[in-house]
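Data first, discussion second: the structure below is written as structure tokens.
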Amino acid sequence: MTEFILYVKDNSFLDLHNRAELLNDNNNLQALSLFIKSNPNIVKLNLAGCNIDSDKIKLLIDSINDSNITDLNIGNNKLGHEGAAEIAKLTKLINLGITYNGIGDVGTDELANKLLNLTYLNICKSDLTSEGAAKIANKLLNLTNLDISCNNIGDDGAAEIAKLPCLTKLRIARNNLSYTGIEELANLINCVIDTGNQEKEIFLSLLTEAKKNNLNGNLTSEDAKNILFKIALQNDTCNVIKHIINHPEKYPLAINLRNEQGLLHFYNYSMKMKDFVSQNAIVPEQEQQKKTLLRLVQDNSYDTNSANYSH
Numbered sequence: 001m002t003e004f005i006l007y008v009k010d011n012s013f014l015d016l017h018n019r020a021e022l023l024n025d026n027n028n029l030q031a032l033s034l035f036i037k038s039n040p041n042i043v044k045l046n047l048a049g050c051n052i053d054s055d056k057i058k059l060l061i062d063s064i065n066d067s068n069i070t071d072l073n074i075g076n077n078k079l080g081h082e083g084a085a086e087i088a089k090l091t092k093l094i095n096l097g098i099t100y101n102g103i104g105d106v107g108t109d110e111l112a113n114k115l116l117n118l119t120y121l122n123i124c125k126s127d128l129t130s131e132g133a134a135k136i137a138n139k140l141l142n143l144t145n146l147d148i149s150c151n152n153i154g155d156d157g158a159a160e161i162a163k164l165p166c167l168t169k170l171r172i173a174r175n176n177l178s179y180t181g182i183e184e185l186a187n188l189i190n191c192v193i194d195t196g197n198q199e200k201e202i203f204l205s206l207l208t209e210a211k212k213n214n215l216n217g218n219l220t221s222e223d224a225k226n227i228l229f230k231i232a233l234q235n236d237t238c239n240v241i242k243h244i245i246n247h248p249e250k251y252p253l254a255i256n257l258r259n260e261q262g263l264l265h266f267y268n269y270s271m272k273m274k275d276f277v278s279q280n281a282i283v284p285e286q287e288q289q290k291k292t293l294l295r296l297v298q299d300n301s302y303d304t305n306s307a308n309y310s311h
């Protein structure tokens, strides 16, 4: 038991990170349990990378539950959903790191149903889908900091996470998010979000800024135009521009052939924007066809001349 005292920091943090050799049998686990019970000053415990499975954690749960520990990192172990069910008994936890444990949606459900005091949760790389994201969003309403990166929650999961009312920090990289998912995350207007993708983060920041300025959260034509122009000034943003132009129901851009001003005011806004449209031949029309800039300008010129001639 006395060996554990060597790993106590600041008289309150027991850091056994990657010390699997200290917990390699039941005797050592029982010794740790006794140490925790006899040191009520311990409020933070790091057991990451200690080769702990669902059986081993059972030997520690009671002592942790009876302690003053509110901050637990048990990432990079072998808990699975059964081990997650044991962790769910620690209802005093405020901070929990449980990454790389393969707990899946089932284990996440166990945690979400009982750990209602959590404000920080790191559940990175835990085999989650949108179902697991929904469990978190529906139950863990006090979360302010969430790392759900390296899972598979998709756009539906992003829509669920965007419902969390108190989030101020979110890591959600590598979750198969399209621009539709990014649009959902833009509803978290007071949250710092890491998507792991520069193009998507530019899009997200512009959307969030626009939503902050509109009480109803809807984008005006001016909002949509400003977003499109600002994105066009960045490098490597072709995909997001295509997304915007191909969704006129979300981005009311009055820049098609039916606009009485034609397209010239749109192209002349920025030479870079003009070059982009010319190279990619992207113009929103009801039939969603793509035409070259030359043809569009010719058509516009013909329509204008015809109108002048008729008068």
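Heads up: the sequence shown is residues 1 to 311, going by the UniProt record's numbering.
Beta carbons: idealized from backbone N, C-alpha and C, even for Gly.
Being a predicted model, the structure only gives us computed values, none of them experimental.
| query | result |
| --- | --- |
| First through last residue of the alpha helix (DSSP H) which encompasses tyrosine 179 | 179 to 185 |
| 9 Å Cβ cutoff met for isoleucine 42 and asparagine 68 | yes |
| Residue from Ile64, Gly104, His17 with nearest C-alpha to leucine 34 | Ile64 |
| Buried versus exposed, by CB contacts within 10 Å (16 or more), serine 54 | buried |
| Nearest-angstrom beta carbon gap, threonine 108 and leucine 128 [assumed within contact, 8 Å] | 6 Å |
| Alpha carbon of asparagine 152 to alpha carbon of isoleucine 103, nearest angstrom | 13 Å |
| C-alpha distance - leucine 146 paired with alanine 133, whole-angstrom precision | 11 Å |
| Test item: CB-CB of alanine 112 and leucine 90 under 9 Å | no |
| Minimum C-alpha distance to aspartate 71 - residue among Asp155, Leu45, Leu29 | Leu45 |
| CA-to-CA distance, isoleucine 227 to proline 252, given in whole angstroms | 11 Å |
| Residues near asparagine 18 in its chain [Cβ-Cβ closer than 6 Å; skip 5 each side] | Gly49 |
| First and last residue of the uninterrupted beta strand (DSSP E) at lysine 169 | 169 to 171 |
| Glycine 262 burial status per 10 Å Cβ neighbour count (16 or more: buried) | Because the pLDDT of glycine 262 is 40, which lies under 50, any placement of that residue in the model is unreliable, and the number read from its coordinates should be weighed accordingly. Buried, by the Cβ-count rule. |
| Closest residue to arginine 171 among Glu160, Ile148, Ile61 (Cα-Cα distance) | Ile148 |
| Terminal residues of the alpha helix (DSSP H) in which lysine 125 lies | Where lysine 125 is concerned, there is no enclosing alpha helix (DSSP H), given that its DSSP letter is neither H nor E. |
| Three-way DSSP call (helix, strand, coil) for lysine 250 in this model | coil |
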